[in-house]
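Peer 1: What follows is a structure written as structure tokens; I'll ask about it next.
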Amino acid sequence: MTLQILSYEFLGPIKLSEWGPPMEEVIYLILRRERDTFGIIYAGESGKTDDTAYFTKNDSFKCWVSSAGEGNLYLAIYPMWGSEQDTRSRLVRKIISKYRPNCNKT
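According to my numbering, the sequence shown is numbered sequentially starting from 129.
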């Protein structure tokens, strides 16, 4: 399954609890399921990581759980292999500007 966000095809969503490393350079979305749709509650970017606790250590994790419940958190990613952080951050800012996820501090 894929999600169309702006003009980008994000892979997923999958339950956040089912995610496991490794992860390459990506833009990621944290979503909550709302019946048959998914709402974006957080947009972020990551370089390569093997950290199994990558998402639970995020400063906004408590907001995600508060917004959706831990069992209702989903992940979608847009791979950007070999990309620089500035490039990924620009796309994240565009997503935040359009969708206004409640767990992104603006």
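Ideal Cβ placement from N, Cα and C applies to all residues, glycine included.
Tell whether a beta-carbon distance below 7 Å holds between Glu-153 and Ser-195.
Peer 2: no
Peer 1: With Phe-189 as the anchor, note down where its alpha helix (DSSP H) starts and where it stops.
Peer 2: 189-196
Peer 1: Looking only at its own chain, which residues have a Cβ that is under 7 Å from the Cβ of Lys-222, when we skip the five neighbours before and after it?
Peer 2: Leu-134
Peer 1: Rounded to whole angstroms, what's the CA-CA distance from Val-220 to Thr-184? Just pull it up for me.
Peer 2: 19 Å
Peer 1: Tell me whether Tyr-227 sits in a helix, a strand or coil according to DSSP, three-state version.
Peer 2: helix
Peer 1: Cβ of Ile-169 within 7 Å of Cβ of Trp-192?
Peer 2: yes
Peer 1: Taking all protein chains shown into account, do 16 or more other C-beta atoms lie within 10 angstroms of the C-beta of Arg-228, making it buried, or fewer, making it exposed?
Peer 2: Exposure of Arg-228 is indicated by the presence of fewer than 16 other C-beta atoms within 10 angstroms of its C-beta.
Peer 1: Does the Cβ of Arg-218 have 16 or more other Cβ atoms within 10 Å, making it buried, or fewer, making it exposed?
Peer 2: With fewer than 16 Cβ atoms within 10 Å of its Cβ, Arg-218 is classed as exposed.
Peer 1: If Tyr-202 and Gly-140 are in contact, beta carbons under 8 Å, what's the gap, nearest whole angstrom?
Peer 2: 7 Å
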